[in-house]
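Q:
2 protein chains.
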Amino acid sequence: MTEKDAEAPGLARLAALIADETRAACLLALLDGRAWTGGELARHAGVAASTVSEHLGKLVAGGLLAEERQGRHRYVRLADDRVAQLVEDLAAQVAPGAGAHRPRTLRASSAGSALARGRTCYDHLAGRLGIALTDALTGRGLLRQDTGFALTDAGLGWFEYAGIALRPTGRRPLARACLDWTERRPHLAGLAGAALCRHALDAGWCVRIGSGRAVKVTAAGERALSELLGTEAAELR
Amino acid sequence: MTEKDAEAPGLARLAALIADETRAACLLALLDGRAWTGGELARHAGVAASTVSEHLGKLVAGGLLAEERQGRHRYVRLADDRVAQLVEDLAAQVAPGAGAHRPRTLRASSAGSALARGRTCYDHLAGRLGIALTDALTGRGLLRQDTGFALTDAGLGWFEYAGIALRPTGRRPLARACLDWTERRPHLAGLAGAALCRHALDAGWCVRIGSGRAVKVTAAGERALSELLGTEAAELR
DNA sequence: CGCACGGTTCGGCGGGCGCCGAAGCGTCCC
DNA sequence: GGGACGCTTCGGCGCCCGCCGAACCGTGCG
Numbered sequence: 101m102t103e104k105d106a107e108a109p110g111l112a113r114l115a116a117l118i119a120d121e122t123r124a125a126c127l128l129a130l131l132d133g134r135a136w137t138g139g140e141l142a143r144h145a146g147v148a149a150s151t152v153s154e155h156l157g158k159l160v161a162g163g164l165l166a167e168e169r170q171g172r173h174r175y176v177r178l179a180d181d182r183v184a185q186l187v188e189d190l191a192a193q194v195a196p197g198a199g200a201h202r203p204r205t206l207r208a209s210s211a212g213s214a215l216a217r218g219r220t221c222y223d224h225l226a227g228r229l230g231i232a233l234t235d236a237l238t239g240r241g242l243l244r245q246d247t248g249f250a251l252t253d254a255g256l257g258w259f260e261y262a263g264i265a266l267r268p269t270g271r272r273p274l275a276r277a278c279l280d281w282t283e284r285r286p287h288l289a290g291l292a293g294a295a296l297c298r299h300a301l302d303a304g305w306c307v308r309i310g311s312g313r314a315v316k317v318t319a320a321g322e323r324a325l326s327e328l329l330g331t332e333a334a335e336l337r
Numbered sequence: 101m102t103e104k105d106a107e108a109p110g111l112a113r114l115a116a117l118i119a120d121e122t123r124a125a126c127l128l129a130l131l132d133g134r135a136w137t138g139g140e141l142a143r144h145a146g147v148a149a150s151t152v153s154e155h156l157g158k159l160v161a162g163g164l165l166a167e168e169r170q171g172r173h174r175y176v177r178l179a180d181d182r183v184a185q186l187v188e189d190l191a192a193q194v195a196p197g198a199g200a201h202r203p204r205t206l207r208a209s210s211a212g213s214a215l216a217r218g219r220t221c222y223d224h225l226a227g228r229l230g231i232a233l234t235d236a237l238t239g240r241g242l243l244r245q246d247t248g249f250a251l252t253d254a255g256l257g258w259f260e261y262a263g264i265a266l267r268p269t270g271r272r273p274l275a276r277a278c279l280d281w282t283e284r285r286p287h288l289a290g291l292a293g294a295a296l297c298r299h300a301l302d303a304g305w306c307v308r309i310g311s312g313r314a315v316k317v318t319a320a321g322e323r324a325l326s327e328l329l330g331t332e333a334a335e336l337r
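If you're matching them up, the sequences are chains A and B in order.
The numbers in our numbering rise by one with no breaks, and the one at position 162 of the first sequence is 262.
The numbers in our numbering rise by one with no breaks, and the one at position 218 of the second sequence is 318.
1. Can you list, in chain order, the stretches of the alpha helix (DSSP H) that have 4 or more residues and sit fully within the region 117–188 of chain A?
2. Hey, quick one: how far does the alpha helix (DSSP H) through THR220 (chain A) stretch, first residue to last?
3. Beta strand (DSSP E) containing LEU288 (chain B): first to last residue?
4. In chain order, what residues of the region 238–261 of chain B put their CB closer than 9 Å to some CB of chain A?
5. Decide if HIS224 (chain A) is buried, meaning its Cβ has at least 16 other Cβ atoms within 10 Å, or exposed.
6. Below 7 Å between beta carbons is the criterion; list the residues of the region 111–143 of chain A that meet it against any residue of chain B, in chain order.
7. On the three-state DSSP scale, how would you describe ALA106 (chain A)?
8. Name the DSSP bridge partner or partners of GLY248 (chain A)?
9. Using a Cβ-Cβ cutoff of 7 Å, what residues of the region 168–201 of chain B are near chain A? List them in chain order.
10. Using C-beta distances below 7 Å, list every residue in its chain close to ARG244 (chain B), excluding the 5 sequence neighbours before and after it, in chain order.
11. May I ask which residues mark the beginning and end of the beta strand (DSSP E) holding ARG308 (chain A)?
12. So the beta strand (DSSP E) LEU279 (chain A) belongs to, where does it begin and stop?
13. What three-state label does DSSP hand SER209 (chain B) in the structure shown?
14. ARG272 (chain A) and ASP181 (chain A) - do their beta-carbons sit closer together than 8 Å?
15. When you compare each of A:HIS144, A:THR318, A:GLU188, A:LEU164 to ARG276 (chain A) by their alpha carbons, which one comes out closest?
16. Any idea what DSSP makes of ALA236 (chain A), helix, strand or coil?
17. Can you list, in chain order, the residues of its chain with a C-beta nearer than 8 Å to that of THR205 (chain A)? Leave out the 5 residues immediately preceding and following it.
18. Determine the DSSP secondary structure at LEU225 (chain A), reduced to helix, strand or coil.
19. From ILE118 (chain B) to LEU328 (chain A), what does the alpha carbon distance come to, in whole angstroms?
20. Determine whether the Cβ of ARG204 (chain B) lies closer than 8 Å to any Cβ atom of chain A.
21. Counting C-beta neighbours from all protein chains within 10 Å, is the total for GLY138 (chain A) 16 or more, i.e. buried, or is it exposed?
22. What residues from the region 272–292 of chain B come within 9 Å of chain A, judged by C-beta to C-beta, listed N to C?
See the structure below:
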């Protein structure tokens, strides 16, 4: 029993880092996987620069953010994929509360939203695009979702055939499920998800829209994915 | 951008529920998967009954706990396995900070701890026992960890052969990785992990030690697991 | 060289929240 | 029916923490 008590303060301190609305807004913004400057985050969250400066100090000290200073700018980004996963999980947990009507309105009324169609979630693809790719991989027997969440041997072969290298780094799992907050369905994250996203951007299959995390599939991407996964162009839009 | 701002308050509110040390202690205690009374939790956390009563009210209102009232007792338990998973994930995230020396001391100095040997984590087996079973399953090709975390077809057959029914309920994944906080390694959670744990207790493979979440393998359990998974008795202790 | 600008530090204000003890309510048991 | 017990409500206390504006520091640019 006593060892649990030893954990409680740490758990509370970690949660407290996320428990502030301004810090939460920063973390969600940083889910796009990029580095933001303090000023950008301040404007985004609608608070004074001095306020955000203190918040970033706490988040960095708490290990949630990594910082990089360039000239007079302070760039921060999520410390690693574990933190990104954690924030996504927490965000997914809070959404079901409004989940009964949220997906409807998001998909229907604002179906024109570029974010709902496709976006990056930290370092992998999400939104309808992410779901479509995950479904295509599953449908062709490259990804198993029925007994967990893992690539099959055929799936490993597919990545190799597609020219997407999967070099294991550290202990990050190859495949991992990430729950989408608009579609309410799991999509491919982990090392393979990140590699696929990176390749999609590098090879010109997708391009970023504006400065946010929204992405859209290009004509070349439609052709390549149709050939590699048999997807219909309409599914990707 | 605006839809992220809409999420920030919810995220902060959820995190705030965990951000209090007393509430964190309650959540960690409830990770044993059982229902506790308010008084028990108050004594465990070392605060007045009135204080814990208010905390439980918030946790229930926030959807993290489910309550059941019986006579003059108020029983609470974690609302569902998603909440349990969330708390485990957060606890696992905080541990690495002290992870450099923690595991050593836990395994070495207090290697006699029954909790480190075997315990239940919400509704599945953890500790060295959980790791040993997960390793055995993986070693025999019943569980894949190299490309994600999923049972193989042979694994499905094994559960059937062992007489452990895996009836899918809701959307809970069949296999899921749960990071152990003493061993720092993933072990089997999800539907299959829960079914295995339940069967192990029902069939007398394991028995609970005292009233906590510590468990130990019986002689009958050693025989059964040796036959079914080829484990050595020493690995399970 | 000097101004503009991003970031940080500091003091002070205000609100929120966890804590307790006392009092009250309902349940169970003798 | 009376008393013990578990839980809840309420008032009040104290602390912590997020916020701002002002002053300050350093970088980069004209």
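Glycine residues also receive a C-beta, built at the ideal position from the N, C-alpha and C atoms.
A: On the basis of the coordinates in this document:
1. 121–130, 138–145, 149–161
2. That residue, THR220 (chain A), is in no alpha helix (DSSP H); its beta strand (DSSP E) goes 219–221.
3. 286–289
4. LEU243, ARG244, GLN245, ASP246, THR247, GLY248, PHE249, ALA250, LEU251, THR252, ASP253, GLY255, LEU256
5. buried
6. LEU111, ALA112, LEU114, ALA115, ALA116, ILE118, ALA119, ASP120, GLU121, ALA124, ALA125, LEU128, ALA129
7. Helix at ALA106 (chain A).
8. B:ALA250
9. Answer set for the region 168–201 of chain B: ARG182, LEU186, ASP189, LEU190, ALA191, GLN193, VAL194, GLY197.
10. Spatial neighbours of ARG244 (chain B) in its own chain (CB-CB distance under 7 Å, excluding positions within 5 residues in sequence) are listed in chain order as ALA250, THR252.
11. 306–308
12. 276–279
13. Only weak support is given to the placement of SER209 (chain B): the predicted model assigns it a pLDDT of 38, under 50, and the question is left unresolved by the model.
14. The Cβ atoms of ASP181 (chain A) and ARG272 (chain A) lie closer than 8 Å to each other.
15. A:GLU188
16. helix
17. Residue confidence is low: THR205 (chain A) scores 40 on pLDDT, short of 50, so the model does not pin down where it sits. Its coordinate-derived value is still stated next. The answer is none, since no qualifying residue turns up.
18. strand
19. 45 Å
20. Because ARG204 (chain B) carries a pLDDT of 39, less than 50, the predicted location of this residue cannot be relied on, and no value is offered for it.
21. buried
22. PRO273, LEU274, ALA275, ARG276, ALA277, TRP281, THR282, PRO286, GLY290, ALA292
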